[in-house]
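Trainee:
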Amino acid sequence: MMERLHSATRLLCIIPISTTGMTDDLTRLYSSRPDAEITFIDGRDLAECPPCIENHEQALQSTKAVLPRAIDYINSNPVDAVLVCCFSDHPLVYALQEIFTIPVTGIFQAALQDGTEDGGRFGIVTTAQAWEPILTKSVDDLGFDTKSAGVLATGLGVLELESLERGVVVERIASFARRLIDNGATSIILGCAGMAALESDIQKALPPGVATIDGVRSGIDILARLAQEKGRPEDVTWANDAKRHCAVQSKQLVGNLEHVY
Numbered sequence: 001m002m003e004r005l006h007s008a009t010r011l012l013c014i015i016p017i018s019t020t021g022m023t024d025d026l027t028r029l030y031s032s033r034p035d036a037e038i039t040f041i042d043g044r045d046l047a048e049c050p051p052c053i054e055n056h057e058q059a060l061q062s063t064k065a066v067l068p069r070a071i072d073y074i075n076s077n078p079v080d081a082v083l084v085c086c087f088s089d090h091p092l093v094y095a096l097q098e099i100f101t102i103p104v105t106g107i108f109q110a111a112l113q114d115g116t117e118d119g120g121r122f123g124i125v126t127t128a129q130a131w132e133p134i135l136t137k138s139v140d141d142l143g144f145d146t147k148s149a150g151v152l153a154t155g156l157g158v159l160e161l162e163s164l165e166r167g168v169v170v171e172r173i174a175s176f177a178r179r180l181i182d183n184g185a186t187s188i189i190l191g192c193a194g195m196a197a198l199e200s201d202i203q204k205a206l207p208p209g210v211a212t213i214d215g216v217r218s219g220i221d222i223l224a225r226l227a228q229e230k231g232r233p234e235d236v237t238w239a240n241d242a243k244r245h246c247a248v249q250s251k252q253l254v255g256n257l258e259h260v261y
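See below:
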């Protein structure tokens, strides 16, 4: 890492999968911001990196594969903050927090914080069915359960967000979002980084006044602010007293990571 000499936050966004379509989409959407210089890296050409992440085992596998590349990049380039672009309580977040002192968070954590800013309740629409119980538990573990209207899985695979007809994908996501709205959600969190490119169409398919939250955008906003304030990940204001639990969670997940090395 090099010392920070200018005002724009130098943000590293890590997409911990081997396929590149999501990287291309996020680069197109977020590469240019006045408050942040954003670089995207992914797990392309890494033999052990999964093409998508649809369960916790693949999250651990992707961490093992991508962590050395992330460490090498951060040690070789000026980086003020790091965002892990996988919508889960991804172990790569905690591994990097253990190694570096710059702010590190994931799009999952950032989206939850954004979803509680207005005092309303959020609902999460995710992809594969396996994520529904995992994300529900993670929401509870991080102390956001009282603010959640639920987690619903569309049954779509991550790669199907790109391969299927756009209108079909948007309507499927919107149909599950409307169920969460009926259950009291005032905002809808897009539960996959691959949904970011669909956000404008999803928003149009929802009732007026219901916000959509893209965790990538939320994470960039939060980390740009923290880096400007020279903050640490602990400075993020989590719901209730979840900060202490997050610290414990960090140790547990890094411990889990040791089993895959």
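Numbering (UniProt numbering), first residue to last: 1 to 261. Don't be surprised by glycine CBs; every beta carbon is placed ideally from N, CA and C. None of these values were measured; they are calculated from a predicted model.
1. Would you be able to state if there are at least three C-beta pairs under 8 angstroms between the stretch 139-156 and the stretch 119-130?
2. How about the stretch 139-147 and the stretch 114-122: do they share at least three Cβ pairs that are nearer than 8 angstroms?
3. Mapping the DSSP letters down to three states, classify residue 65 as helix, strand or coil.
4. For residue 229, which of helix, strand or coil comes out of DSSP?
5. Give the straight-line distance between the Cα atoms of residue 84 and residue 204, rounded to the nearest whole angstrom.
6. Closest to residue 108 by C-alpha separation, out of 224, 117, 213 and 229, would be which residue?
7. With DSSP run on the structure shown, which of helix, strand or coil describes residue 235?
8. Could you please give me the residues that DSSP links to residue 13 through a beta bridge?
9. Any idea if residue 234 is buried or exposed, counting beta-carbon neighbours within 10 angstroms, 16 or more meaning buried?
10. The alpha helix (DSSP H) spanning residue 108 covers which residue range?
11. Identify which residue in 112, 201 and 69 has its Cα closest to the Cα of residue 47.
12. So residue 19 and residue 159 are supposed to be a Cβ contact under 8 angstroms. How far apart are they, rounded?
13. What is the residue span of the alpha helix (DSSP H) that residue 144 lies within?
14. For the stretch 99-108 against the stretch 24-37, are there 3 or more C-beta pairs whose distance is under 8 angstroms?
15. Do you know offhand how far residue 71's Cα is from residue 208's?
16. If we count the other Cβ atoms within 10 Å of its Cβ and call it buried at 16 or more, is residue 191 buried or exposed?
17. Flag this pair as yes or no: are the beta carbons of residue 210 and residue 189 separated by less than 8 angstroms?
18. Classify residue 197 as helix, strand or coil using the three-state DSSP reduction.
19. How would you label residue 167, buried or exposed, when you count the other beta carbons within 10 angstroms and need 16 or more for buried?
20. Under 7 angstroms Cβ to Cβ from residue 40, same chain only, skipping five residues before and after it: list those, please.
21. What are the start and end residues of the alpha helix (DSSP H) that includes residue 24?
22. For residue 226, count neighbouring C-beta atoms within 10 Å of its own C-beta (all shown protein chains included) and say buried if the count is 16 or more, exposed if not.
Mentor: According to the structure data:
1. By the Cβ rule, the stretch 119-130 counts as touching the stretch 139-156, because three or more pairs are nearer than 8 angstroms.
2. yes
3. Residue numbering aside, residue 65 sits at position 65 when the sequence shown is read from its first letter. Looking at residue 65 - three-state DSSP - the assignment turns out to be helix.
4. Indexing the sequence shown from 1 puts residue 229 at position 229. Of the three classes helix, strand and coil, the one that applies to residue 229 here is coil, per DSSP.
5. Here residue 84 refers to the residue found at position 84 when the sequence shown is read from its first residue. Here residue 204 refers to the residue found at position 204 when the sequence shown is read from its first residue. Going by the C-alpha atoms only, they are around 27 angstroms apart.
6. Locating residue 108 in the sequence shown gives position 108, where the first residue counts as 1. Minimum Cα distance to residue 108 is reached at 213.
7. By one-based count along the sequence shown, residue 235 stands at place 235. The pLDDT assigned to residue 235 is 42, lower than 50, so where the model puts this residue is not dependable; a value taken from the coordinates is nonetheless given after this. Three-state result, residue 235: helix.
8. As a working mapping, residue 13 is identified with position 13 in the sequence shown. DSSP, once it has assigned bridges, lists 40 and 83 as partnering residue 13.
9. Here residue 234 refers to the residue found at position 234 when the sequence shown is read from its first residue. Residue placement at residue 234 is flagged as unreliable, the pLDDT there being 46, under the threshold of 50; the coordinate-derived value follows with that caveat. Answer is exposed; the Cβ neighbour count stays below 16.
10. Along the sequence shown, read from residue 1 onward, the residue named residue 108 stands at position 108. Segment 107-115, the alpha helix (DSSP H) holding residue 108.
11. Here residue 47 refers to the residue found at position 47 when the sequence shown is read from its first residue. Ranking the options by Cα distance to residue 47, first place goes to 69.
12. On the sequence shown, position 19 is the one that residue 19 refers to. On the sequence shown, position 159 is the one that residue 159 refers to. 7 angstroms between Cβ atoms; contact.
13. Translated into positions along the sequence shown, residue 144 becomes position 144. Neither: residue 144 is in no alpha helix (DSSP H) and is coded neither H nor E.
14. no
15. Taking the first residue of the sequence shown as 1, we reach residue 71 at position 71. Taking the first residue of the sequence shown as 1, we reach residue 208 at position 208. Whole-angstrom Cα-Cα distance: 43 angstroms.
16. Position 191 of the sequence shown, counted from the start, is the residue given in the question as residue 191. Buried.
17. Taking the first residue of the sequence shown as 1, we reach residue 210 at position 210. Taking the first residue of the sequence shown as 1, we reach residue 189 at position 189. Their beta carbons are not under 8 angstroms apart, which means residue 210 does not touch residue 189 by this criterion.
18. Start at 1 with the first residue of the sequence shown, and residue 197 comes out as number 197. Residue 197: helix per DSSP, three-state reduction.
19. For this step, residue 167 is matched to residue 167 along the sequence shown. With fewer than 16 other Cβ atoms within 10 Å, it is exposed.
20. Position 40 of the sequence shown holds residue 40. Contacts found: 13, 15, 23, 26 and 27.
21. The residue given as residue 24 occupies position 24 in the sequence shown. Note, residue 24: alpha helix (DSSP H), 21-30.
22. Here residue 226 refers to the residue found at position 226 of the sequence shown. Counting Cβ neighbours within 10 Å, residue 226 comes out buried, since at least 16 surround it.
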